[in-house]
Structure formats: structure tokens, C-alpha cells
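K.L.:
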Amino acid sequence: MLTIDLGALAENYRDLCERTRPAECAAVVKADAYGLGMAQAAAVLWRTGCRTYFVATISEAIDLRTLLPEAMIYVLNGLLAGTAASFHAHNLRPVLNSAREVREWAGYCTHVREALPCAVHLDTGMNRLGLSGTDIDEVTGIAELWQTVALSLVMSHLACADDCTHAKNAQQRTRFDVLRAMFPEAPTSLANSAGILLGRDYHYDLVRPGIALYGGHPQRQGESPFRSVVHLMGRILQIRDAEIGETVGYGATRTLDRPTRIAVVSAGYADGLFRALSAGDGEKGLTGYLGPYPVPILGRVSMDLISVDVTDVPEAFCQRGAWVELLGPNVSAHAMAAQAGTIDYEVLTSLGNRASRRYIGS
38 MLTIDLGALA
48 ENYRDLCERT
58 RPAECAAVVK
68 ADAYGLGMAQ
78 AAAVLWRTGC
88 RTYFVATISE
98 AIDLRTLLPE
108 AMIYVLNGLL
118 AGTAASFHAH
128 NLRPVLNSAR
138 EVREWAGYCT
148 HVREALPCAV
158 HLDTGMNRLG
168 LSGTDIDEVT
178 GIAELWQTVA
188 LSLVMSHLAC
198 ADDCTHAKNA
208 QQRTRFDVLR
218 AMFPEAPTSL
228 ANSAGILLGR
238 DYHYDLVRPG
248 IALYGGHPQR
258 QGESPFRSVV
268 HLMGRILQIR
278 DAEIGETVGY
288 GATRTLDRPT
298 RIAVVSAGYA
308 DGLFRALSAG
318 DGEKGLTGYL
328 GPYPVPILGR
338 VSMDLISVDV
348 TDVPEAFCQR
358 GAWVELLGPN
368 VSAHAMAAQA
378 GTIDYEVLTS
388 LGNRASRRYI
398 GS
């Protein structure tokens, strides 16, 4: 069972607003709100006061527009050829990532005789999306382009903000200050969730949190200041006893070194529990919780099942049908990600749709 605490989501948004005021706090709701449900998350964020949203693709933006008719919606992946009319029809704002996209948007605006809003993304050192130095020289040299469009945001993206000690953060901020001055005056944006935690020098006019909203830890250092939003529980299907020397699970990767009570839990990699959370001999894998008691995984994570060690759990807690916490207050997305060798973002977006979902606190 997957429980999504929309009250915690709203509280995280209010926390981020307080941290970044007077900058506007937008919300990134791409990838179905990081896998938690864009329809539910966007509605709560709107009621909490969020008015500006970022998604990755135009299809996501059109879906969001049906949910929030009055929201300001930016599409991070930019203007694909031939999509300008769709942006216009749905009142969406492309984040223009190249000189070619700037020209195409300006051409469409000229065609419809209306200066339509857009953002410009400047590459300040990530070498992913964004106008390169050559692109910037090209478009800033044509003054009439900026009389044709309505530039509503100038933005860039930090490559290393998850490491608050990395020198590239300040380098990108300095580069952004130089480049944004070459464009017509417009609101500016640099910080994602991790960038917000770098301090006010990175906040500019608008911040774009994503993972922090959903309870992930944006930075490598310290503890997350944000409330957990996601709780994944697996139900005990069977409890069995095994002897010293017996093995558990596929591949016989875990040999028991004591008489062990095993709980077989209905959850696996089809539910977002990475196979890397397995625990063979001499390995530490995922540790869930049965009430207040830790229950470490035994053997491999399979598609639908895991086995956990409940030898030290009182019988009152350990019953067929009981729920084991696999992600939640005791097992953060950040901790699970570290154990699996990945990041919070992948944990949340991998949860899948098989588990029954329950939304609370809306």
C-alpha cells in the first residue's frame, strides 16, 4: 500500500516559501509529480498558494492545464518543431533552449501578431539543455527578436547544487549574472531544491523546487529538513521458521547463521524496491520496520516478494496480514537511495502503480 500525505506536501511547500521569500516559489510537477500523482499534488499546491508550475513535456503541460486553468505553466524540454500553435492554444510557456527555438517562437509570434510569453534557458556550465555561448551571441544581436516575444523568465540550472561545497555552484551563479544582463529585463531563476539550500544568493526572483516538495533530501550533506510525503507498506503473507545453514530466496545468496523467523512480504521490484536492496551473505540490504522494530531483508528482492528477519520482533507485532514499513518515517527515500546506490528522485519515480494508493491530508 502506498500512502501519499498531501498535508506534508503542502507543509513542505509552505516551508520552501518561507525559506525563499521574497522570491516566488514555483513547483516542479513533471513525471506525474515525481511519481506521486500530478492531479492530486497540483491541486493541493494550488490551494496552498502555488501559481507557477514546471513540467518536462508539452503533453504533461496540456494535462496540467486541464487541472489548473489559471496556472502559469512552463515546459522545460522546450519548443519542439511545429508545436508553437499547441503552446498558444493551451496558454503554455516554452522554455527556449536554443537560438533555433527562439527564432521559431519569434516567428510564430509574428505570424499571430501577438507577443507571447516564454522563458529562455541559459547554459551556465551543465552542457545539457540551454542556449550556448554561440546561441546567446546570435540572439542578443538581433534586437527585434525581443520586441516580438514576451520574455517572462530568464533561467539556468545548477549542475552540482546537491554538494554545497562544490566550487561549480558559485561559478555558475557568476556566469548566470553575466549572461542574464545581456537579455531584456525579466524575472530570473537559478535554484532547484538543492539550490534553494545554498542560500539567498541563489534564489533570485523565482525558485523551482521539485524533490524537496515530495520529501526527498536535495543535498548530500546533513539531514533533510523536509517532511516525508510517501509511505510504502508491504503486507506479511506468511511467517515461517528456518534453521541454521538454510538459504533464503533466489540464487541461495543468503545462508542463515542462526535459527530464524522469516516474514514473507508482498512487495518487490515491481513495486519500486530495487533489486540492489537485496542482502546476500555479508551484505546489508534494506531494513524495514514492523511497528518500532527493524526487520532487515534476507536474500534477494524478487518481483513480488521480499523476505525479512523477524526473529527479534515480539509476536504481537508479527502476524500474518501485518504491514511492514518499507519507505516512510523510519526509512527515508534518501536512505533507501543510498542503500541502492541511486538518488531520491529515482526512488520516488520508480514506485509504480501496482500498490493501492491512498491520499491523506488533502
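With the first letter of the sequence shown counted as 1, position 220 gets the number 257 in this note's numbering; the numbers rise by one all the way through.
Built from N, CA and C at the ideal position, the CB exists for glycine as well.
Measure from the alpha carbon of V176 to the alpha carbon of each residue in R210, R140, C146, S193, then state which is nearest.
P.N.:
On the sequence shown, position 139 is the one that residue 176 refers to. The residue with the shortest Cα to Cα distance from V176 is R140.
K.L.:
On a CA-only basis, which of V186, L188, G236, S193 is nearest C201? Give me that one, please.
P.N.:
Here residue 201 is taken as the residue at index 164 of the sequence shown, counted from 1. The shortest C-alpha separation from C201 is found at G236.
K.L.:
Are the CB atoms of T89 and A47 nearer to each other than 8 Å?
P.N.:
In the sequence shown, residue 89 corresponds to position 52, counting from 1. In the sequence shown, residue 47 corresponds to position 10, counting from 1. Contact flag unset, no.
K.L.:
Grab me the residues of D199's own chain with a C-beta within less than 6 Å of its C-beta, minus the 5 sequence neighbours each way, in chain order.
P.N.:
The count along the sequence shown starts at 1 and reaches residue 199 at position 162. Closer than 6 Å at the Cβ level, and outside the excluded window around D199, lie A231, Q256, R257.
K.L.:
Excluding five sequence neighbours on each side, which residues of the same chain lie with their C-beta closer than 6 Å to the C-beta of G317?
P.N.:
In the sequence shown, residue 317 corresponds to position 280, counting from 1. These residues qualify, in order along the chain: T290, R291.
K.L.:
Under three-state DSSP, which class holds R357?
P.N.:
Stepping through the sequence shown from its first residue, residue 357 is reached at position 320. Coil, per DSSP.
K.L.:
Is it the case that the Cβ atoms of R245 and V65 are separated by a distance below 8 Å?
P.N.:
Taking the first residue of the sequence shown as position 1, residue 245 is located at position 208. Taking the first residue of the sequence shown as position 1, residue 65 is located at position 28. In contact: R245 and V65 (Cβ atoms closer than 8 Å).
K.L.:
With a CB to CB cut of under 7 Å and the five nearest residues on each side skipped, what residues in its chain are close to R212?
P.N.:
To locate residue 212, count along the sequence shown from 1; it is residue 175. Closer than 7 Å at Cβ, skipping near neighbours: T161, G162.
K.L.:
Would I273 pass as a contact of R357 if the rule is Cβ separation under 8 Å?
P.N.:
If you number the sequence shown from 1, residue 273 lands on position 236. If you number the sequence shown from 1, residue 357 lands on position 320. Going by C-beta atoms, I273 is nearer than 8 Å to R357.
K.L.:
Please report the straight-line C-alpha distance between D381 and Q184, rounded to a whole angstrom.
P.N.:
Counting from one through the sequence shown, the residue named residue 381 turns up at place 344. Counting from one through the sequence shown, the residue named residue 184 turns up at place 147. Cα to Cα, the separation comes out at about 42 Å.
K.L.:
Going by DSSP, what residue range makes up the alpha helix (DSSP H) through V81?
P.N.:
Residue numbering aside, residue 81 sits at position 44 when the sequence shown is read from its first letter. 75-85 is the span of the alpha helix (DSSP H), which, as asked, contains V81.
K.L.:
For the beta strand (DSSP E) that contains L342, what are its first and last residues?
P.N.:
The residue you call residue 342 lines up with position 305 of the sequence shown. 342-346 is the extent of the beta strand (DSSP E) around L342.
K.L.:
What does DSSP give as the partner residues of S226 in its beta bridges?
P.N.:
Counting from one through the sequence shown, the residue named residue 226 turns up at place 189. DSSP lists M192, L243 as partners of S226.
K.L.:
So if DSSP puts L269 in a beta bridge, which residue, or which two residues, is it bridged to?
P.N.:
Here residue 269 refers to the residue found at position 232 of the sequence shown. In DSSP, L269 forms a bridge with L39, L364.
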